[in-house]
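Asks: Going by the numbering used here, the first residue of the sequence shown is number 355, and it counts up by one from there.
Structure provided below as structure tokens; questions to follow.
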Amino acid sequence: MRNQNMSSYGKIKKSRFPASLFAIFLVILLLMSGIHTGIIVFMDVLYWNDVLQSIIPIGYWSLVAVGLTLFTRKKMKDTYEEPIHKLAEATRKVANGDFSIYVPTLHTRDKLDYLDVMILDFNKMVEELGSIETLKTDFVSNVSHEMKTPIAVIKNSAQLLQMGTVSEKQKLEYAKTIENAAGRLSDLITNILKLNKLENQKIAPKTETYDVCRQLCDCVIQFENKWEEKELELEMDLEDTAMIQADKQLMELVWNNLLSNAIKFTQPGGAIKIHQISDGDYIRVSVSDTGCGMSQESKKHIFDKFYQGDTSHSTEGNGLGLALVHRILQLLDGEIQVVSEQGKGSTFTVILPIPRESDQQMEMEENDELYGK
Numbered sequence: 355m356r357n358q359n360m361s362s363y364g365k366i367k368k369s370r371f372p373a374s375l376f377a378i379f380l381v382i383l384l385l386m387s388g389i390h391t392g393i394i395v396f397m398d399v400l401y402w403n404d405v406l407q408s409i410i411p412i413g414y415w416s417l418v419a420v421g422l423t424l425f426t427r428k429k430m431k432d433t434y435e436e437p438i439h440k441l442a443e444a445t446r447k448v449a450n451g452d453f454s455i456y457v458p459t460l461h462t463r464d465k466l467d468y469l470d471v472m473i474l475d476f477n478k479m480v481e482e483l484g485s486i487e488t489l490k491t492d493f494v495s496n497v498s499h500e501m502k503t504p505i506a507v508i509k510n511s512a513q514l515l516q517m518g519t520v521s522e523k524q525k526l527e528y529a530k531t532i533e534n535a536a537g538r539l540s541d542l543i544t545n546i547l548k549l550n551k552l553e554n555q556k557i558a559p560k561t562e563t564y565d566v567c568r569q570l571c572d573c574v575i576q577f578e579n580k581w582e583e584k585e586l587e588l589e590m591d592l593e594d595t596a597m598i599q600a601d602k603q604l605m606e607l608v609w610n611n612l613l614s615n616a617i618k619f620t621q622p623g624g625a626i627k628i629h630q631i632s633d634g635d636y637i638r639v640s641v642s643d644t645g646c647g648m649s650q651e652s653k654k655h656i657f658d659k660f661y662q663g664d665t666s667h668s669t670e671g672n673g674l675g676l677a678l679v680h681r682i683l684q685l686l687d688g689e690i691q692v693v694s695e696q697g698k699g700s701t702f703t704v705i706l707p708i709p710r711e712s713d714q715q716m717e718m719e720e721n722d723e724l725y726g727k
């Protein structure tokens, strides 16, 4: 991975001290040696005394040594010390929570060396940390908002129940409101825990080969009351049998979330279509509705945690369903695609690999061993 990152920057210089620098040192030393020889000859020609002939070369080479030392010191400072000090200062600011830091590279992109690459990687790291911090802040804000709403509903309804002038019919309505708000709060906490376990891979998928068409039919039946209540037209176009290899319980979450969203966002009298087909090495399942659809901006964020196209959060739900769906399909080597147009509805297509015959045979043998056949 590191080599791939470095190759993406083009050709990287492996040394901050080029050969030309050492050539300059060599030429300077040779030149100084020539001048030294000339001084010696000059002093011999003039018959200077021995003391001067000893002191002058010593003084001359002392000046040469001081000059070379200062030059070398400056090169080391410019080459290493100042960039490292800037990087250290930026690191200290990042450690104190400032993720707006940006350290400029020492060279242009076509002349980068390994220190430039380190600076670029540092800037990328700070950018990622800033994104994580933003996500964490948004997460806390959204969780607080989603919890605050049902709690406020429960509190208000409980206060109304305590009023002496409330009729029996109103009491039932308030009790039902409390039940619905408590259910919404319970679903929120359950989904947060599930998503946390999935993201931290604390839930290991237990794959098995089973008929996805049968599972889809079972899931649709669970929502019978809801789509009948809204008088929705339901169309199902499925094969007789379609075997997939996946975690049955996790996939049930996927179908339930997609069906729930389709029903929720489709107006009374609308239509929902479930289409399944085997396509080469994959099985495709599409859930389409004639609901409100979504904008291009919403499509970019629908799999983000707590994202809701309705920014008022007035519709039921907490924006975790599609995040769960996306994470589950990632774990199961699946994929989800979205086609949507505002005012015309949405289509969510789940793509799952068809199990190979060798995989099915292996699973059958494992089951035979398990049940002692």
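We put the CB at the ideal spot given by N, CA and C, even for glycine.
Nearest-angstrom Cα distance between ARG463 and VAL448?
Replies: 24 Å
Asks: Am I right that VAL457 and ALA444 are in contact with their C-beta atoms under 8 Å? What's the rounded C-beta distance?
Replies: 5 Å
Asks: Could you name the residues of the same chain whose beta carbon sits closer than 6 Å to that of GLY388, not counting the 5 residues immediately before and after it, in chain order?
Replies: none
Asks: Using C-beta distances below 8 Å, list every residue in its chain close to LEU570, excluding the 5 sequence neighbours before and after it, in chain order.
Replies: MET590, LEU592, TRP609, ILE628, GLN630 and VAL639
Asks: Can you tell me whether DSSP reads ARG710 as helix, strand or coil?
Replies: Residue state, collapsed to three classes: coil.
Asks: Rounded to whole angstroms, what is the Cα-Cα separation between GLN621 and GLU587?
Replies: 11 Å
Asks: Under a three-way DSSP split, which group does ASP452 fall into?
Replies: coil
Asks: Would you mind stating whether GLY421 and PHE453 have Cβ atoms separated by less than 7 Å?
Replies: Contact flag unset, no.
Asks: For MET334, write down the residues that DSSP places opposite it in a beta bridge.
Replies: As shown, the chain starts at 355 and ends at 727. That puts residue 334 outside it, with no answer to give.
Asks: Going by the DSSP bridge assignment, what does MET597 pair with across the sheet?
Replies: Beta bridge pairing from DSSP links MET597 with ASP565.
Asks: Excluding the five sequence neighbours on either side, which residues of its own chain have a C-beta within less than 6 Å of the C-beta of ALA535, listed in chain order?
Replies: PRO504, VAL507 and ILE508
Asks: Relative to the alpha-carbon of LEU612, which residue among GLU695, PHE702 and HIS390 has its alpha-carbon at the smallest distance?
Replies: PHE702
Asks: DSSP state of GLU527, grouped into three classes?
Replies: helix
Asks: Check for me: the alpha helix (DSSP H) holding GLU651 runs from which residue to which?
Replies: Per DSSP, GLU651 belongs to the alpha helix (DSSP H) from 650 to 655.
Asks: Looking at C-alpha atoms only, which residue of SER632, LEU400 and TRP402 is the closest neighbour of PRO709?
Replies: Comparing Cα positions, the closest option is SER632.
Asks: So, using beta-carbon positions, are MET648 and SER694 closer together than 7 Å?
Replies: Yes, they are a contact pair.
Asks: Tell me which residue opens and which closes the beta strand (DSSP E) that TYR636 is part of.
Replies: 636 to 643
Asks: Give a yes or no on whether the C-beta atoms belonging to LYS654 and VAL692 are separated by under 7 Å.
Replies: no
Asks: Taking C-alpha atoms, which residue in ILE410, ILE378, GLU582 and ASP475 lies nearest to ILE626?
Replies: GLU582
Asks: Out of LYS602, ALA419 and GLU481, point me to the one whose CA is closest to GLY451's CA.
Replies: GLU481
Asks: For GLN691, report the span of its beta strand (DSSP E) as first-last.
Replies: 689 to 695
Asks: For MET644, count the other beta carbons within 10 Å of its own beta carbon; 16 or more makes it buried, fewer makes it exposed. Which is it?
Replies: Met is not the amino acid found at residue 644; the sequence shown has Thr there. Per the 10 Å Cβ criterion, buried.
Asks: What residue range is occupied by the uninterrupted alpha helix (DSSP H) comprising TYR401?
Replies: Neither: TYR401 is in no alpha helix (DSSP H) and is coded neither H nor E.
Asks: Out of GLY624, VAL566 and MET605, which has the shortest C-alpha to C-alpha gap to LYS584?
Replies: The candidate whose alpha carbon is nearest that of LYS584 is GLY624.
Asks: Report all residues from its chain with a CB closer than 8 Å to the CB of PHE476; omit the five preceding and five following residues, and keep chain order.
Replies: LEU441, ALA444, THR445 and VAL457
Asks: Can you tell me which of the three DSSP states ASP467 falls into?
Replies: strand
Asks: So is GLY699 buried or exposed if we call it buried at 16+ other beta carbons inside 10 Å?
Replies: Classification of GLY699: buried, given that the 10 Å Cβ count is 16 or more.
Asks: Looking at the structure shown, is VAL574 part of a helix, part of a strand, or coil, going by DSSP?
Replies: Helix.
Asks: Less than 7 Å between the beta carbons of TYR636 and LYS602, yes or no?
Replies: no
Asks: Considering Cα atoms alone, identify which of GLY688, ARG681, GLN650 and ILE690 is closest to GLY697.
Replies: GLN650
Asks: DSSP three-state call for VAL457: helix, strand or coil?
Replies: coil
Asks: Give the single residue among ILE617, CYS646 and LEU607 whose Cα lies nearest to the Cα of VAL704.
Replies: LEU607
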